[in-house]
Each structure stands twice: as structure tokens, then as C-alpha cells.
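Enquirer: One structure is given below, represented as C-alpha cells, and several questions about it will come after.
Okay, structure coming up:
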């Protein structure tokens, strides 16, 4: 069974760097990756091959995936992920696909637990389009699962995984809970197997769990799919008959594609509360893609909900959420000439001893040494400290997303969540160290950084236990950009934590925030003051 334990310092096929796990299913793990030769982002998926598979057979499996991908790109352009490379290596098949501006359906379901029937029907119709195109060419997917369906903030879903079925002697390589009964029996499969998988995905979307659970071993799961009765769906509503009609054990009795299309369309037509499709996808998908599961560190830094609420507030402001009026968004700001220009070296994901260049704009963060006072803002320290050398114990980290910042030695990325180009959040820290630095980015921000903190971020933070803002939200400038600072306290697992946040706008609704969190009792320590000053002095957003 494939597990997500590969070191991010290793390269697949000598060129693909693994960054963060996107999604994991039985015998399949997907990572955000980087093609270091072409300097472009990608998705890298590792699938375990059957034990004893020869090198020749593994090579043929890779060729089949590439061939099927090329065919599907022609018959269903924009709806099937383009495979860039397929590499057999040490009992696994590594598949490299183009970057997809979305997240796997499986990850969204893990976050939400289930969808309303109308949303499930909408996604089901988009899947049906892809399957119909494939079946028209005599192609059966055979490996369809929530991990192979990417939901995007804009546009229809994108499907991955074509060419895996039949590439080996195994009845199914991954996600056995979505195998059809005939597949579980290792019989020849056809389009009906994909319709079963569609039914299983619809079931999972409304119920929040697959119709047949994963057991200790894939073969045990397959046996359950073949022999156990279907658990009656309880939340399917009008989708119930369609789901049950697709999940009939006898493939000859399953609903046909035209019947399924008619039924799913009816569910959409008869939902009185349904948001028009473009708005629903923007309003729902963007916020879900930006919303990782809550964690203590994310709550302390105000990052988990903040990324979500930034997206929601921006969508509301631009009329893309239900019940809002269309309004003009703020225009793009010209980048001031005083801002530093990144050098050609500011690329890649590496740590160097080279200090970041000093910004010409004044840096005026609230003083890390100031004591919490709800009535008076903290004083600002001098920005005259030399920046031609980094403090001892710091090294510059250059992220594949384009930004760079000096981090303490031993620090690494602890968590990454993103929603395509719309928003991402990256948290840095070290094992056993309660301190964290969170960096967020969004392309859906309003024109006033003070308002972003006050109206978008703070309402979500107030849900955190023990939240208290320190002083006022202060407007400032940072590297020549409009910026605002906010500080707050929250309780995290019995520890009082303090966070300093600086958000700044690049123009065109784009912006970053840096959020430095430490135990409140340690806030005034010299090392923590130095760390905050170093972060603010060395952070570079990267080239536009």
C-alpha cells in the first residue's frame, strides 16, 4: 500500500520535486509538485503496482496512461488532466499531470462531510459528460473515485486517472471502495463499471461516506463490494432513486447514461433554492477550496478562517454570492517605483545563505516588546537596522509560489492549503516549537487593508476561545504598499498565544499577510522580537 512518506528533498525521475500532499486514497497519494527543469508547478501521483510486476509490464502501463491521456485530451478538451510524464519506479507508477486549479473532490468531502443533493447532481452531470465522451471512444475509466475528480473554482470538473484500468493484471489499482462488483470479481469491465463508480461518488457526496467502507486490505474491501448489501442512503433526497439505480449489483440492471442525465437534470430543475451555476461554483467552490480542516496553529494565527472569509467577503463585494448585487471592484494600483525588484535568483524552493535585499520603504511594525494594551497602539521600532547580513541562525527560504522570507534554521513548511490562484496559506515552524509564521495570499481582496482585518478576518477570529484584539488596527505602508497591522490574543490548548499580523495590498485585489504567533508570555523575548523584525525586513512577494 502506498503511503505519503516520501521525502520532499527527493526527486521523482530526477526532476519532479514533491511539495505537499494533496489527497490520499488506498494505494494512491497525490502531491503538489514542481518540475524543476521547466520551473513550473505540477501534480504528482504515486500508485502502487501489483507485487511482482515486471519492469517491462510497468513500462507498458506508463505508455498506456500517456496514450489514453492524449486520446482523452482530444475528445474532451479541458475536462481531462493532461499527463506530462509517467514513470515506473521501484514498484510504483508515478504520474505527472499539469497543474489543476482546484482540489480533489475527496478532500472537499473530508472538509465538509457531504453536499446537498443539487450540488451533488451538478457535479454528477459534469462527470457524466466526461464519461460519455470516453465511452464514445470505447474507453472505460475503471479507476474513478473522489480522488480522481478535481473541483475548480471556475469551470467544470477535471478528471484524472484514465489509462490505469487494464494497465496491470490487478482488478483495480486504487480506491477499491469505488470498484464495481464485476470489477471486484476480476471480470471484464465496461462502461457500466464507470456508471457504478458515478453512483458511488454521488452516494459519497450526499452521505459523507462511501457506500462500502475501506477495510483492512484491498481484497477484503473488494469482497465487501461484491457480497454485502448496499447501505440505504439517508440524505440523498431526490437523488436517492438515481443513486440506488446506479448501484445495482447486476451491471445489466443499472441505469443508462440518458436516464441518469435526465434524473440529475430534474434534481437541479426542481430545486427552488438553487443558485445559478456560475455563482454557485464561485461562491461555494472558492470558499471550500480555501478552507482546510481547523487546527490549533491555524486558529491561533487566524489563518484557516481568514483565508475563507477573505474569499467570501470579496465574493460578496463583487456580487458573486447569492443575494448580492453586482458592484464594481476596486481598480488595480500601480506598483510604486520604491518597491524592490526581485532578482533573477528569486526562483525555486530552496534555502540559501544569501540575505534578501533591503526594501527602501520604511518598515513600521508594532513593537514586539510592547505589552498588551487594548487602548493604546504599540510603539514602532526603528527600521535602521542593517540588512546586508541576516541575523545568526536565519536563512532565506524561496518558495515555489514566488515569495521569499528568512526563516530560523530548522524551520520548514508545516501546512499548506490553497485554492488555485485565488488563495493559499502556508504555515512555517518547527517540531516542538509553539511559534509559527503563517503567510497568506489572496486575489480577492478589497481596496482597504484596515477593512480586510476589521470586516473580514476579525469576525472569524472572535469565534476562537479567549480572543481579544490588542489596540486598534493601524494603517501603515510596507515596501511601498498600502498595509495594516493587527494584533490579537487567543487561547490554544491552555496556552495564551499572541499574534502580530501585517496585511498589505499589491494592487488588482491581490495581497499578502504575515502572521507571527508566539506564547504571550514569551512575546517580549529578544529572540521573538528579532524574528518578527527579520520576517518583515526580508519578506519579498516575488515578481508580478
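Residue numbers (UniProt numbering): 1 to 544.
The beta carbon of each residue, even a glycine, is placed where N, CA and C say it ideally should be.
These numbers come from a predicted model, not from an experiment.
1) Bridge partners of residue 443, per DSSP?
2) Starting from residue 69, trace the alpha helix (DSSP H) in both directions and tell me its first and last residue.
3) For residue 426, which beta-bridge partners are listed by DSSP?
4) I need the straight-line Cα distance from residue 398 to residue 536, nearest angstrom please.
5) Report the residue from 91, 23 and 22 whose alpha carbon sits nearest the alpha carbon of residue 54.
6) With a 10 Å radius around its C-beta and 16 neighbouring C-beta atoms as the bar for buried, classify residue 18 as buried or exposed.
7) Please identify the residue among 515, 480 and 396 whose C-alpha is closest to the C-alpha of residue 505.
8) Please report the residue range of the beta strand (DSSP E) in which residue 90 lies.
9) What is the DSSP secondary structure of residue 160, counted as helix, strand or coil?
10) By DSSP, does residue 512 sit in helix, in strand, or in coil?
11) Count the C-beta pairs between the stretch 500-520 and the stretch 481-490 that are closer than 8 Å, then say yes if the count reaches three, no if not.
12) Would you call the CB atoms of residue 452 and residue 461 closer than 8 Å?
13) Can you give the beta carbon distance from residue 88 to residue 58, rounded, assuming they're within the 8 Å contact cut?
14) Could you round the C-beta distance between residue 22 and residue 115 to whole angstroms and report it? I think they count as a contact, below 8 Å.
15) Go through its chain and collect everything with a Cβ distance to residue 450's Cβ below 6 Å, but skip five positions before and after it.
16) Would you kindly work out how many angstroms separate the C-alpha atoms of residue 238 and residue 122, rounded to a whole number?
17) Across which residues does DSSP place residue 24 in a beta bridge pair?
18) In angstroms, rounded to a whole number, what distance separates the CA positions of residue 71 and residue 162?
19) Using the three-state DSSP reduction, which class does residue 546 fall into: helix, strand or coil?
20) Mind checking whether residue 202 and residue 124 have CB atoms under 8 Å apart?
21) So what does DSSP say about residue 118, is it helix, strand or coil?
22) Going by CA-CA distance only, name the one from 152, 190 and 217 that's closest to residue 250.
23) In the DSSP assignment, find the alpha helix (DSSP H) that holds residue 45 and state where it starts and stops.
24) Compare the C-alpha of residue 532 against each of 514, 540, 520 and 160 and name the closest.
25) My understanding is that residue 550 touches residue 113, with C-beta atoms under 8 Å, so please give their C-beta distance in whole angstroms.
26) At the level of alpha carbons, what is the spacing between residue 82 and residue 160?
27) I'd like to know whether the C-beta atoms of residue 545 and residue 127 end up nearer to each other than 8 Å.
28) Can you pull the DSSP bridge partners for residue 505?
29) With DSSP as the reference, label residue 453 as helix, strand or coil.
30) Look at the alpha carbon of residue 248 and the alpha carbon of residue 187, and state the distance between them as a whole number of angstroms.
31) Would you mind working out which of 77, 408 and 93 sits nearest residue 65, comparing C-alpha positions?
32) Do residue 103 and residue 42 have their C-beta atoms within less than 8 Å of each other?
33) Quick one: using the 10 Å Cβ neighbour count with 16 as the cut-off for buried, is residue 51 buried or exposed?
34) Can residue 79 and residue 130 be called in contact, C-beta distance under 8 Å?
35) Using only the alpha-carbon positions, how far apart do residue 499 and residue 26 sit?
36) Short check: CB of residue 141 to CB of residue 214, under 8 Å?
Expert: According to the data block:
1) For residue 443, DSSP records no beta bridge to any residue.
2) From DSSP, the alpha helix (DSSP H) with residue 69 extends over 55-75.
3) Residue 426 is bridged to 416 and 439.
4) About 15 Å.
5) Comparing alpha-carbon positions, the option among 91, 23 and 22 lying closest to residue 54 turns out to be 91.
6) The Cβ neighbour count for residue 18, taken over all protein chains shown within 10 Å, is at least 16; the residue is labelled buried.
7) When only C-alpha atoms are compared, the closest one is 480.
8) Residue 90 -> no beta strand (DSSP E), and no H or E assigned at all.
9) Three-state DSSP puts residue 160 in coil, outside helix and strand.
10) Here residue 512 carries a strand assignment [DSSP, helix/strand/coil].
11) Three or more beta-carbon pairs separated by less than 8 Å link the stretch 500-520 to the stretch 481-490, which places the two stretches in contact.
12) Taking 8 Å as the Cβ cut-off, residue 452 and residue 461 do not qualify as a contacting pair.
13) Here residue 88 really is in contact with residue 58; their C-beta atoms are around 3 Å apart, less than 8 Å.
14) Between residue 115 and residue 22 the Cβ distance is about 20 Å, and since that is not below 8 Å, they are no contact.
15) Result list for residue 450: 473, 475 and 484, in chain order.
16) So the alpha carbons of these two residues sit roughly 13 Å apart.
17) Beta-bridge partners assigned by DSSP to residue 24: 29.
18) Looking at the backbone, the Cα of residue 71 and that of residue 162 are separated by about 10 Å.
19) The displayed coordinates of the chain run from 1 to 544. Any statement about residue 546 would go beyond what the structure contains.
20) Yes. Within cutoff.
21) DSSP, reduced to helix, strand and coil, places residue 118 within a helical segment of the structure shown.
22) Ranking 152, 190 and 217 by Cα distance to residue 250 puts 190 first.
23) Element bounds for residue 45: not the alpha helix (DSSP H) but the beta strand (DSSP E), 40-48.
24) Closest by C-alpha distance to residue 532, out of 514, 540, 520 and 160, is 514.
25) Within the shown structure, residues of the chain are numbered from 1 to 544, placing residue 550 beyond reach of any answer.
26) Residue 82 and residue 160: Cα-Cα distance of roughly 8 Å.
27) Absent from the structure is residue 545, since the part of the chain shown begins at 1 and ends at 544.
28) 511.
29) Reduced to three states, the DSSP call for residue 453 is helix.
30) For the pair residue 248 and residue 187, the Cα-to-Cα distance works out to about 16 Å.
31) It is 93.
32) Not closer than 8 Å, so no.
33) Looking at its Cβ environment, which holds fewer than 16 other Cβ atoms inside 10 Å, residue 51 is exposed.
34) Going by beta carbons, residue 79 and residue 130 fall inside the 8 Å limit.
35) A straight line joining the alpha-carbon of residue 499 with that of residue 26 spans about 38 Å.
36) Not a contact, by the Cβ cut-off of 8 Å.
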